[in-house]
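Enquirer: According to the working numbering, the residues represented by the sequence shown are 1 to 591, in order.
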Amino acid sequence: MSTGQAVTINAKVKAGELLGGHYNSSLSVLSNDLDESEVKVDFDLTIIGVPNISIQDSLDFKTVFSGVTASRTLVISNTGSDQINVSSVDFSMTEFAIDLTSFTIPPKSEVERTIMFNSPIAGTFTSTMTVNSNDPDQPARTVILKAEAIDPPIIGVNPTFFDIALNSGDSTVQTLTISNTGGSDLDWSLSFEESTKFYTLTKPKSGTHTSDGKTITVDTKEVNPIKAKLDELTGARILYDLDISDYSTLRSDLELRGAIFTPLVHPLTDLSSYDIFITDDSYGSTWTSSEYTLMHTWVEGGGSLLIDGDNSENLSHYNSLIPVSSGILMNANGSFVSHTPVIYPHEITDSVGRVYSNAAGSWLSLSSPAEKILEYADGTVSSGKALMAVSRAGSGRVVIVGEELFYNTYISYYDNQLLANQTFDWLAGSSEPDSDITSGTIYAGSSQDVHITVHTKDMNAGEYSYKINIASNDPVNPLMEIPLKLVVITSIQDWSSLLPDRYMLKQNYPNPFNPTTTIAYGLPEQAEVSIEVFNMTGQKVETLINHKMHYAGYHKIDWNTQNLSGGIYFYRLTAIGTVKFSSMKKMILQK
């Protein structure tokens, strides 16, 4: 510009995308002025923001249950350029509420609020929710809320627990009645769960161990107690023919879970009071042919056999112990050193990621019904030879391990300890109950019978605990848990060695019967016992036990009815200990 000339420059500011607040900037003017080649002009800008609330016009809860709080999410947005300040939220009906009645929303942001509805009675409800804020255009934004409340289903079950005693191999059908005393349909589903617990297992011993002439040092830094969800083994009786000190870790685990260990004493004449037999290379005296025969008969009748050994000189003994019907044969040690065995899927190997072994053990020949559990492998090289297998022999269970994987030497490594404990879960395994139906819908005011079949095939003597889980749309009791306790009896000794935790009178078995039936009962303490039988008119027809003292435990008595006519009878147990207990049950004599 010429000397003395002036020029006006207009600066434009676009505030459309700016939020409310204060902004500072400067304008630089560059010239050939020798004294001031750059002149800066400062700008101070104040933007007056405007909040703008945005909410959906309505929110429908649809059908909900009366007496129960239902929740829905409502999004409230601020599309404006200044913060929204919500000062209050009002409702025209008290059945509706919000989690926060005052809050803020930054510009260009949103928040989620929880809207709740609860009505003690059924009906249709429409309410206006008013959101009061500093939005200049919508200072009182309204939302229409709707809900239809119906009376909920109310689940009921009968009985609330099952207490069953059965001889091994028997079964019974029990009726579970599910009722709906509510005002709408009850949708339900049923499942069974065996009683398990989380156990903190024994910390394996550290130090130096010797196996098969090899010395292995267990580093204490690698040895930590593990936690695992395992079956209860209360009352499981384990007979062993080995140096039990070599299995101290496993023994501690199993005793923690309720198992009882007994050493084998020759001559072996009766195995009926045991559930599991375990042996390894350190077995004791020479067995006789009659003892081998006894072992086969016991396993095929429901016993469980575990061999955890590999020495070639013992193979003849091992193969004489294994019933031929199991389809497992142990072979002489090969060159199949296996640091990383291949693991096959089975309930025994559930959650077992890696197994450790360090010797050339025995390999197993398998035929039906045997299943391979572990296969010899070293790194990525697999041998195809079985290291561990499981099988059934008659009603019994068989597990053969071609090396002492459960020995103190190896149980410290990887998942060997979990594998060992889950092996005993399978050996002591039970059969879950079954039901004729597992789900359904029950109309309001109705009920439905579910028939529960409890069977004891292949089960060892002892106590077993299950839960019947019933999930439903009852909002108060969405999950019902019904305990089911089962006592399996294989002999009078099995029955009398157990200790109940409460007084109980069992259903007679068989029922119906002719002419003999068994009545079983449990006493948690010493008590004076009477058992009487009555006919339909209430007349006492026989006294089976008359004021006799009985020790704590399970007891049973057989009743022969040859002199009675067929019909319905009732039997009553009266037991007087520190408290008085009385219970009566019905039985049917068929003639």
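All residues carry an ideal CB built from backbone N, CA and C; glycine is no exception.
From a predicted model like this one, the values you see are computed outputs, not experimental measurements.
As a quick exercise: from Gly284, Ile260 and Val450, pick the residue whose alpha carbon is nearest that of Pro267.
Expert: For Pro267, the nearest C-alpha among the options comes from Gly284.
Enquirer: Ordered along the chain, which non-local residues of its own chain (more than five positions away) have a Cβ less than 6 Å from that of Ala393?
Expert: Result list for Ala393: Val299, Glu300, Pro323, Ser325 and Ser326, in chain order.
Enquirer: Using the DSSP secondary-structure output, state which residues sit across from Gln448 in a beta bridge.
Expert: Looking at the DSSP assignment, Gln448 forms a beta bridge with Ile178.
Enquirer: How long is the line joining the alpha carbons of Asp501 and Ser391, rounded to whole angstroms?
Expert: About 35 Å.
Enquirer: Taking C-alpha atoms, which residue in Lys586, Lys591 and Lys556 lies nearest to Asn563?
Expert: The residue with the shortest Cα to Cα distance from Asn563 is Lys591.
Enquirer: Beta-carbon within less than 6 Å of Ser582's beta-carbon, same chain only, minus the 5 sequence neighbours each way: which residues are those?
Expert: Result list for Ser582: Thr574, in chain order.
Enquirer: What number of angstroms, rounded off, separates the C-alpha of Ser28 from the C-alpha of Val7?
Expert: If I take the Cα positions, the gap works out to 15 Å.
Enquirer: Run the CB neighbour count on Gln422, radius 10 Å, all protein chains shown included, and call it buried at 16 or more, exposed below.
Expert: Buried.
Enquirer: Sorted by chain position, which residues of the same chain lie with C-beta nearer than 8 Å to Asn319's C-beta, five sequence neighbours on each side aside?
Expert: Same-chain partners within the cutoff: Leu329 and Met330.
Enquirer: Evaluate Asn32 with the Cβ neighbour count: other Cβ atoms within 10 Å of its Cβ, from every protein chain shown; 16 or more gives buried, anything less gives exposed.
Expert: Under this definition Asn32 is an exposed residue.
Enquirer: What residue from Tyr466, Thr518 and Ser26 has the CA that sits closest to Lys40's CA?
Expert: Ranking Tyr466, Thr518 and Ser26 by Cα distance to Lys40 puts Ser26 first.
Enquirer: Apart from the five residues on each side of it in sequence, which residues of its chain come closer than 8 Å, Cβ to Cβ, to Ala11?
Expert: Cβ neighbours of Ala11 beyond the five flanking positions: Leu27 and Phe43.
Enquirer: Thinking C-alpha only, which one of Lys548, Arg572 and Tyr554 is nearest Gln539?
Expert: Among Lys548, Arg572 and Tyr554, the Cα nearest to that of Gln539 belongs to Arg572.
Enquirer: Which two residues bound the contiguous beta strand (DSSP E) that contains His602?
Expert: The chain is shown from 1 up to 591; residue 602 falls before or after that span and cannot be answered.
Enquirer: Between the stretch 362–372 and the stretch 413–427, can you find at least three pairs of beta-carbon atoms closer than 8 Å?
Expert: In short, these stretches do not touch, since the Cβ pair count stays below three.
Enquirer: Applying the 10 Å Cβ sphere with the 16-neighbour rule, what's the burial state of Asp82?
Expert: Per the 10 Å Cβ criterion, buried.
Enquirer: Who are the near neighbours of Ser37 in its chain, counting only those whose CB is closer than 8 Å to its CB and skipping five residues on each side?
Expert: Answer for Ser37: Leu30 and Ser31, listed in chain order.
Enquirer: Using CA atoms only, rank isn't needed, just tell me which of His317, Gly49, Thr286 and Thr561 is closest to Ile84.
Expert: The residue with the shortest Cα to Cα distance from Ile84 is Gly49.
Enquirer: Fully enclosed by the stretch 414–447, which alpha helix (DSSP H) runs are 4 residues long or longer?
Expert: Those alpha helix (DSSP H) runs which fall completely within the stretch 414–447 and span 4+ residues are 416–427.
Enquirer: Taking the alpha helix (DSSP H) that Tyr292 belongs to, which residues open and close that run?
Expert: Its alpha helix (DSSP H) spans residues Ser289 to Glu300.
Enquirer: Going by the DSSP bridge assignment, what does His547 pair with across the sheet?
Expert: Its beta-bridge partners do not exist; DSSP assigns none.
Enquirer: Are the CB atoms of Ile531 and Val157 within a distance shorter than 8 Å?
Expert: No, these two residues do not count as a Cβ contact at 8 Å.
Enquirer: Around the C-beta of Ile9, are 16 or more other C-beta atoms found within 10 angstroms, so that it is buried, or is it exposed?
Expert: Classification of Ile9: exposed, given that the 10 Å Cβ count is below 16.
Enquirer: Quick one: residues in its chain with C-beta nearer than 6 Å to the C-beta of Leu321, no 5 flanking neighbours on either side, listed in chain order?
Expert: Cβ within range, chain order: Met295.
Enquirer: Taking the alpha carbon of Val438 as the point to measure from, which residue in Ser184, Ile53 and Trp188 has its own alpha carbon closest?
Expert: At residue 438 the sequence reads Thr, which differs from the Val that was named. Looking at the Cα atoms, Trp188 is the closest of the given residues.
Enquirer: What does a CB cutoff of less than 6 Å around Gln138 pick up in its chain, not counting 5 residues either side in sequence?
Expert: Ile53.
Enquirer: Enumerate in chain order the residues of its own chain whose CB-to-CB distance from Asp151 is below 7 Å, with the five nearest sequence positions on each side excluded.
Expert: So the qualifying residues of the chain are Ser66, Ala122, Gly182, Gly183 and Ser184.
Enquirer: Take the Cβ of Gln493 as the centre, count every other Cβ of all protein chains shown within 10 Å, and call the residue buried at 16 or more, exposed below.
Expert: The predicted position of Gln493 is uncertain, since its pLDDT is 46 and thus under 50; no value can be drawn from it.
Enquirer: I'd like the span of the beta strand (DSSP E) that includes Arg502, first residue to last.
Expert: Arg502 -> no beta strand (DSSP E), and no H or E assigned at all.
Enquirer: Is DSSP giving Lys221 helix, strand or coil here?
Expert: With a pLDDT of 44 at Lys221, under the threshold of 50, the modelled position of this residue cannot be trusted; read the value that follows with caution. Helix at Lys221.
Enquirer: Below 6 Å CB to CB, which residues in the same chain sit around Pro106 once its five sequence neighbours on both sides are set aside?
Expert: Here the set comprises Gln83.
Enquirer: Under 8 Å, do Leu306 and Ile276 count as touching if we go by C-beta distance?
Expert: Their beta carbons are under 8 Å apart, which means Leu306 touches Ile276 by this criterion.
Enquirer: So which of Ala552, Phe513, Met584 and His555 has the shortest CA-CA distance to Gly566?
Expert: Per the Cα distances, Phe513.
Enquirer: Please report the Cβ distance between Ile489 and Ala165, rounded to the nearest whole angstrom; I am assuming they are in contact, meaning their Cβ atoms lie under 8 Å.
Expert: Indeed they touch by this definition, with Cβ atoms about 6 Å apart.
Enquirer: Under the rule that 16 or more other beta-carbon atoms within 10 Å means buried, what is Pro345, buried or exposed?
Expert: Exposed is the call here.
Enquirer: Is the distance from the Cβ of Asp434 to the Cβ of Thr456 below 8 Å?
Expert: Contact flag unset, no.
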